[in-house]
Each structure stands twice: as structure tokens, then as C-alpha cells.
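Protein chains in written order, with our numbering: chain G, 1 to 208; chain E, 1 to 222; chain Y, 1 to 261.
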């Protein structure tokens, strides 16, 4: 069991530095987030919001500092407990909506929740059999969100999650995030726009 | 295991549905073989002597050219990020992807070999020998080529550069593949020696390929 | 890399600045002695004066493999230990190794002209060296193809190590292929008559050429380090220009200026 309702959990970074292509993006960054909390990472373009999420996800190596998770599943690494929702949707246009979702559920493993219910939750139940190629940008984003619901992981790393979503979609997404936090989840989101839920602000790369 | 089989099933399904990988590879193979008589002349005796070499070269080029995008597509749509983050070791995921590619693009080449053998005036034994050596040798081509596919993602470059980097590495496979088929057709060597070396090359690349590809993919993502 | 990481290379620059003149001097002296000894060596009764090409060819052939070995160790340094100098070493070695390999090919083919009556014979050794040369060129193309040195370093390191695993296999296959197609050709370069009068100058030349490589390599590494410094200074300048045109980017500017100081 993934035990989403385990005790408290804290994700913290100390003196984290990031160098990309020979350029120092940020250095000496400290942050902390506890379960049940959403952190909105703010900063102007190029300040390293995406880089920070990718550092936490283990997709980039920090040039300095450490990122640790206390109180998570001791048998799994930090990236294995994270969902990463990036700019790109990780969807295959040749596969149907259902197949896309089923693949990630099979591949990511862990406790599975009803894929059909997740599709209903994001409002895509009517398109389950259609190829993902037919989806609009907003619908693709909704399908990516369904992945976060079908495979339960406690930490969500979201990169501009609300782009491409219409107002109704943003409301729906706000509800999903609130549910996730209520279950003891943790959200770190890089964003320009307000996140739509109660969140703590983390500013990087100087003032905007 | 479910993770790996899910990955293999997905890749094969995409390859078959899009019709890009598998069918175009076979079509390329066919085209290369058809070009040969125009280059060397329609001399059937000469063609049957060169037959195994032509088929091997065609298969080599076809499998390397289709490999170019093995990881690139997953990188572009962000799937590779999630694969890297998952509990499945990246080496195994790479191996699964290469296996899926071989099943979808390598096997059809071998199935097409008898037809192409006809065009090159190869008899049953010769065609069988070439098909058998391709069956044993194309995994080595796929698993060597996947190193290039991994580098292509790290470098954000594919195409010609990758071919230049990977082709020298596949020389041993070509040597023993052609030698084994020639041995079966005209002798004087025994078929067994080069064939078992060919199998050994495939086994070595089965180990080296995934590790090298994973090493260049890991942290090379940005 | 940021300027903090250049602390180690700075020490390297200081050290090599002192060592290089001595190395260069030793190389010149050894090369002079080696060449003189080679000139004194007697002609071969079969090959005549052509055999003297060997005094150049063999050291070059030896270095063509030795340099790949050096690059492999440097690649391990990049992938495993993440040493800041490792990818500099690997990058600087590639063109030098390619040059030695080319000289080995050239001298081999010049030697082959009177021996075989043709400049190129698909001889097992020459063919292996040719493939090695192709691999060097591929590696150099890879370094040049990518702008970001740290990303190119990873890819080049993987390719170098795969090459190191593959080279013995390629050598073995080419030898096997050669005996398959030319069972009559038993002529080997160098021959089996390694007389003392031949061996001593050969050894001297091998040592001299190895020293030549070390000298060239250290010098090339210095150049590469300096080139990277220029690059990171230029990037800092670029970002300073970019950010000073915006409003309220105080912290970034401070970072850049303290870094450059």
C-alpha cells in the first residue's frame, strides 16, 4: 500500500545550486514544504522555476546543495515518489486516451486507481476511445492530470499546470489539488498565474 | 515486469499503428537491394555471389536508420522524463525499448529476406543462411545502434552524425554475418565458427548497449 | 561550469606552465637522438632503406592506441568521478590522437608502396588503424557538433568507453576477416627480425613520441581551459547586458560581478 495517509512528510532543499549550459541559474536556494501544503514557485522567465522542479525530480543534477525528503517511503527514492507534470504531456498521439492512461498506470506501478473514474474526474470520459491525436491542448492537459489521479504519488511537481486549461478546467484542477492536499499530499508548482488554491509563495531569481 | 512488458507493448503498438518504423524500414531494405543490380549490372551469377553481402548491408543500413528516433520521440513528448524517474532501472527500460524496436523493425527485415533473395538469384540454402545470420546478428545491430540513439538525445542531434559514430562499431557484426552466410553457401569454412561468434557479438551488445544508452540518457536530459 | 569550479584548473595551469618547458626540451632532445640512431641503423636485407619508415610508423601506431586509452581513463573521470579536468583532457586528446593515427596510416601506406606495389592494401593492421581513424574523426565531430561542453562531454565519454570495449573486438574481427580473404598474405610489418641495432632506436623513438604526446596534450588542455574561461566570461557579460536592461534585477547582477572578480 502506498499509504497516502501516513504521517507528516517534509521535502527540503538546502543551498541548492543549478548550473545550466555553463550559466549559473540560481545558487544557495533554501526551501521546505510539508505534506498538506502547496508551494507556488514564482519568478520571471529564466529564473529557474522549471530547473528547480527537474532538480527535485532527479532529472537534473544539482551543482551544489542537497534535496531531501523526510517521512516518505524509505524504500523509494525521491523521484520515484514524485509525479512530474512538465510542459510536455508525455502522450502518444497514436494511442487512444485509455491506452495512454493504462500504459502509464502499468509502467509507473504502485497502487492503481480506477482509470475510468479518473477520466470522468477530469472530464474526458466521453473521449476514452479516441486517439490522443484528436485532443485539443486543454484536453491533453486534462489527460495528463488523469495520470496523477490513476497512479497515486504523494508529491506533485507541476510546471505551469494551468496553461491551456479553460476556466472550468482550472476550477476542476483546483478541486483536484485540494483533494490531494487533504489526503496529505504535497504540491510544488512553478507558475506565473495564481494557482487557484491556498499556497505558500517561493520566489527565486530575485524580484519580478 | 509489468512495467517492462507495458513499455514493449506500447512501443510495438505505436510502431505498427503509425506505420513509420516497421514498414518504412522494410521498404528501405527493398529499395537498397533493388538499387544494387543497377550499380553492378544485372549479371545473375555476380548478384548471387554478392547476394549475402548486399542483403547484410541493406539490413545494416535499414536497422540503423530506423533506430535514429528510438529515444528521440519519447524525449520530445516528455515520456523519457517519466521513464527516467520511475522505479524501473533505466538500463532495463532502454533494453525493453530496443527489444520492442527489434521486434517491430528487425523481424520484418528477416521475414522479407526470402523475397529479396529471389531477386538476387539466391537458392534456398543461401537464403536460409542469410536469414538465419540476420536473425542472430540484427539484435547486435539494434543494441549497438541504441547507443547512437541515446547520444542523439543527449546531443540534440541525430541523423548523419549518429550514423558516422555507430557504423564503425557495427563492422564486426557485418564481418561475421557475411562470413557465416558465405561459409554456408560456398565454404570452405564451417558455418559454426563465424555463426557462434556472431551470436556472441549479439550477446555482448545486449549488455553493453543498454548500459551505454542509459549512461548517456541519465542526467543528459534537459 | 561556474568560476568556482575553475579553482582546480587554476592550479593545473600554474603547474603545467612550469613543467611544459622541461617536457618540450626533453622531447626535442630524445627525438634528435632517436632520429640520429634511426639513421645509423642498418638497412634491412629484404626491405632496404624502406624499413626506416618503421621508426616513425611504429611509435605513431602505438600512440594511436595509447591516446584512446588516455581518453578512456579521462572518460571514466567524467562519468564516474565528475572531475572538472577529465573532459578537458578527453577533448584535448582527440585531435592529437587522430593526428598520430593519420601519420600511422600515412607511413604505413608509404611503406606499403614499395612492398606491395600499391599505396593501399586491405592489410589487417592498416584496416584496423583506418577504422580507429574513423572513430577518432567521429569523436571530434561529436565534440564540434554540440555547443555546450558539459553535455558533449557526457556523450563523448560514453562513446569513448564503448569504443574502448569495441576496439579489441574490431581488431579481432578484422584480423579474422583478413585471414579469411587472403590466406596467402603472411607478410607482416616490422617482420620478425628485431635486431638490437633496430630495437634501440625504435624504443627511443617510441619514448620520444610518447613524450611529444604528453607535451602536446598538456598544452592543448591549457588552451581548452583558457577557451572555456573566455566562454564563461562572455556568457557572464551577455547575461549582465541582458539583465541590466531590465528593472530590478539586483541580485543577479551582484552574483555576476562577484563571480567575475
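Note that CB positions come from ideal geometry on N, CA and C, so glycine has one too.
Review point. Name the chain Y residues that come within less than 7 Å of residue 165 of chain E, Cβ to Cβ?
Key: Here residue 165 of chain E is taken as the residue at index 165 of the second chain, counted from 1. Chain-ordered, the chain Y residues with CB closer than 7 Å to the CB of residue 165 of chain E read 138, 142 and 159.
Check your understanding: List, in order along the chain, the chain G residues whose C-beta lies closer than 8 Å to that of residue 85 of chain E?
Key -> Taking the second chain and counting its residues from 1, the one referred to as residue 85 of chain E is at position 85. Going along chain G in sequence order, the residues near residue 85 of chain E (Cβ under 8 Å) are 57, 58, 59, 79, 80, 82 and 84.
Review point. Shorter than 9 Å from the beta carbon of residue 190 of chain Y to some beta carbon of chain G?
Key: Locating residue 190 of chain Y in the third chain gives position 190, where the first residue counts as 1. Since pLDDT at residue 190 of chain Y reaches only 46, below the 50 mark, its modelled position is unreliable, and the value read off the structure follows with that caveat. Judged by the 9 Å Cβ criterion, residue 190 of chain Y is not in contact with chain G.
Exercise for review: List in chain order: all unbroken beta strand (DSSP E) runs of 3+ residues lying wholly within the segment 58–141 of chain E.
Suggested key: For secondary structure counted as the beta strand (DSSP E) over 3 or more consecutive residues, the segment 58–141 of chain E holds no complete run.
Check your understanding: Which first and last residues belong to the alpha helix (DSSP H) in which residue 181 of chain E is found?
Key -> For the purposes of this step, residue 181 of chain E is identified with residue 181 of the second chain, where counting begins at 1. From DSSP, the alpha helix (DSSP H) with residue 181 of chain E extends over 171–186.
Check your understanding: Taking Cβ-Cβ distances below 7 Å as the criterion, which residues of the segment 226–239 of chain Y are in contact with chain G?
Key -> Listed by position, the residues of the segment 226–239 of chain Y near chain G (Cβ gap below 7 Å) are 231, 232, 235 and 239.
Exercise for review: Express the C-alpha separation of residue 28 of chain Y and residue 206 of chain E in angstroms, rounding to a whole number.
Suggested key: The count along the second chain starts at 1 and reaches residue 206 of chain E at position 206. The count along the third chain starts at 1 and reaches residue 28 of chain Y at position 28. Taking the straight line joining both Cα atoms gives about 47 Å.
Check your understanding: Under the three-state reduction of DSSP, which class applies to residue 25 of chain G: helix, strand or coil?
Key -> For this step, residue 25 of chain G is matched to residue 25 along the first chain. Residue state, collapsed to three classes: strand.
**Study point:** Cβ neighbours of residue 124 of chain Y in the same chain (closer than 6 Å, five flanking residues each side left out)
**Key:** As a first step, residue 124 of chain Y is located in the third chain; it is residue number 124 there, counting from the start. Within its own chain, the residues whose Cβ lies closer than 6 Å to the Cβ of residue 124 of chain Y, once the five positions on either side in sequence are excluded, are 174, 175 and 178, listed in chain order.
Check your understanding: Thinking C-alpha only, which one of G:176, G:42, G:27 and G:71 is nearest residue 149 of chain G?
Key -> On the first chain, position 149 is the one that residue 149 of chain G refers to. Across the set G:176, G:42, G:27 and G:71, the C-alpha of G:176 shows the shortest separation from the C-alpha of residue 149 of chain G.
Review point. Got a sec: which bits of the segment 172–189 of chain E sit with their beta carbon under 8 Å from any beta carbon on chain Y, in order along the chain?
Key: Within the segment 172–189 of chain E, the residues whose Cβ lies closer than 8 Å to any Cβ of chain Y are, in chain order, 172, 175, 176, 179 and 189.
Point to revise | Extent of the continuous alpha helix (DSSP H) to which residue 22 of chain Y belongs | key: As a position in the third chain, residue 22 of chain Y is number 22, starting the count at 1. It spans 7–40 - the alpha helix (DSSP H) in which residue 22 of chain Y sits, taken as one unbroken run.
Check your understanding: If you draw a straight line from the C-alpha of residue 165 of chain G to the C-alpha of residue 53 of chain E, how long is it?
Key -> Counting from one through the first chain, the residue named residue 165 of chain G turns up at place 165. Counting from one through the second chain, the residue named residue 53 of chain E turns up at place 53. Near 56 Å, if we compare the C-alpha coordinates of residue 53 of chain E and residue 165 of chain G.
Review point. What residues from chain Y crowd round residue 208 of chain E, counting only those whose CB sits closer than 7 Å?
Key: Locating residue 208 of chain E in the second chain gives position 208, where the first residue counts as 1. The contacting residues are 162 and 165.
Review point. For residue 166 of chain Y, is the classification buried or exposed, using 16 other Cβ atoms within 10 angstroms of its Cβ as the cut-off for buried?
Key: As a working mapping, residue 166 of chain Y is identified with position 166 in the third chain. Label assigned to residue 166 of chain Y: buried.
Practice item. Would you mind stating whether residue 75 of chain E and residue 146 of chain Y have Cβ atoms separated by less than 9 Å? Key: Here residue 75 of chain E is taken as the residue at index 75 of the second chain, counted from 1. Here residue 146 of chain Y is taken as the residue at index 146 of the third chain, counted from 1. No.
Practice item. Return yes when the Cβ of residue 132 of chain Y is within less than 9 Å of the Cβ of residue 76 of chain Y, no when it is not. Key: Residue 76 of chain Y sits at position 76 when you count from the first residue of the third chain. Residue 132 of chain Y sits at position 132 when you count from the first residue of the third chain. It is not a contact, given that the beta carbons lie outside the stated cut-off.
**Study point:** For residue 159 of chain G, three-class secondary structure by DSSP
**Key:** For this step, residue 159 of chain G is matched to residue 159 along the first chain. In this structure, residue 159 of chain G counts as strand in the three-state DSSP scheme.
Check your understanding: Can you name, in chain order, every residue of its own chain whose Cβ lies under 8 Å from the Cβ of residue 83 of chain E, other than the five neighbours on each side?
Key -> Position 83 of the second chain, counting from 1, holds the residue named residue 83 of chain E. Setting aside the 5 residues that flank it on each side, residue 83 of chain E is surrounded in the same chain by 7, 74, 90 and 93, each with a C-beta closer than 8 Å to its C-beta; the list follows chain order.
Review point. Comparing alpha-carbon positions, which option in E:62, E:200, E:196 and E:179 lies nearest residue 108 of chain E?
Key: Here residue 108 of chain E refers to the residue found at position 108 of the second chain. Among E:62, E:200, E:196 and E:179, the Cα nearest to that of residue 108 of chain E belongs to E:62.
Point to revise | Burial state of residue 22 of chain Y (16 or more Cβ within 10 Å) | key: Position 22 of the third chain holds residue 22 of chain Y. The residue is exposed, with fewer than 16 neighbouring Cβ atoms inside 10 Å.
Review point. Using a C-beta cutoff of 9 Å, does residue 7 of chain E count as contacting chain G?
Key: As a position in the second chain, residue 7 of chain E is number 7, starting the count at 1. Taking Cβ atoms only, chain G reaches closer than 9 Å to residue 7 of chain E, which makes this a yes.
Practice item. List the residues of chain E that residue 177 of chain Y touches, going by C-beta distances under 8 Å, in chain order. Key: Locating residue 177 of chain Y in the third chain gives position 177, where the first residue counts as 1. Those are 175 and 179, listed as they occur along chain E.
**Study point:** Whole-angstrom distance between residue 106 of chain Y and residue 2 of chain E, CA atom to CA atom
**Key:** What you label residue 2 of chain E is simply residue 2 of the second chain in a count that begins at 1. What you label residue 106 of chain Y is simply residue 106 of the third chain in a count that begins at 1. Between residue 2 of chain E and residue 106 of chain Y, the alpha-carbon positions lie close to 55 Å from each other.
Exercise for review: Return the residue from the list E:43, E:51, E:23 and E:213 that minimises the CA-CA distance to residue 144 of chain E.
Suggested key: The residue labelled residue 144 of chain E in the question sits at position 144 within the second chain. Checking every option, the nearest Cα to that of residue 144 of chain E belongs to E:213.
Practice item. Take residue 78 of chain G and list the residues in its own chain whose beta-carbon comes closer than 6 Å to its own, dropping the five residues that flank it on each side. Key: Counted from its first residue, the first chain places residue 78 of chain G at position 78. These residues qualify, in order along the chain: 69.
Point to revise | residue 168 of chain E - DSSP class collapsed to helix/strand/coil | key: In the second chain, residue 168 of chain E corresponds to position 168, counting from 1. In the three-state scheme derived from DSSP, where H, G and I count as helix and E and B as strand, residue 168 of chain E is classed as helix.
Exercise for review: State the DSSP-derived secondary structure class of residue 2 of chain E, mapped to helix, strand or coil.
Suggested key: The residue you call residue 2 of chain E lines up with position 2 of the second chain. In the structure shown, residue 2 of chain E falls within a helical segment according to DSSP collapsed to helix, strand and coil.
**Study point:** Which of helix, strand or coil DSSP assigns to residue 131 of chain G
**Key:** For the purposes of this step, residue 131 of chain G is identified with residue 131 of the first chain, where counting begins at 1. In the three-state reduction of the DSSP assignment, residue 131 of chain G falls in the strand class, which pools E and B.
Review point. What is the rounded straight-line gap between the Cα of residue 31 of chain G and the Cα of residue 189 of chain G?
Key: Position 31 of the first chain, counted from the first residue, corresponds to residue 31 of chain G. Position 189 of the first chain, counted from the first residue, corresponds to residue 189 of chain G. The alpha-carbon atoms of residue 31 of chain G and residue 189 of chain G are separated by roughly 13 Å.
Review point. Cβ of residue 24 of chain E within 9 Å of Cβ of residue 104 of chain E?
Key: For the purposes of this step, residue 24 of chain E is identified with residue 24 of the second chain, where counting begins at 1. For the purposes of this step, residue 104 of chain E is identified with residue 104 of the second chain, where counting begins at 1. Not closer than 9 Å, so no.
**Study point:** 9 Å Cβ cutoff, residue 150 of chain E in contact with chain G
**Key:** Reading the second chain from its first residue, position 150 is the one you call residue 150 of chain E. Contact of residue 150 of chain E with chain G is not assigned, every C-beta pair being separated by 9 Å or more.
Review point. In the DSSP assignment, what are the bridge partners of residue 136 of chain G?
Key: Here the question's residue 136 of chain G lines up with position 136 in the first chain. The partner list for residue 136 of chain G (beta bridge, DSSP) is empty, contrary to what the question assumes.
Check your understanding: So which residues of chain Y does residue 168 of chain E contact, with C-beta pairs closer than 9 Å?
Key -> Against the second chain, residue 168 of chain E aligns to sequence position 168. Within 9 Å Cβ-Cβ: 131, 132, 134, 135, 138, 163, 166 and 170.
Check your understanding: For residue 70 of chain E, which of E:203, E:216, E:148 and E:42 has the nearest alpha-carbon?
Key -> By one-based count along the second chain, residue 70 of chain E stands at place 70. Its Cα nearest to that of residue 70 of chain E, the residue E:148 stands out among E:203, E:216, E:148 and E:42.
Practice item. Pick out whichever of Y:17, Y:101 and Y:114 has its Cα sitting closest to the Cα of residue 271 of chain Y. Key: Here chain Y comprises residues numbered 1 to 261, so residue 271 of chain Y is not present and cannot be evaluated.
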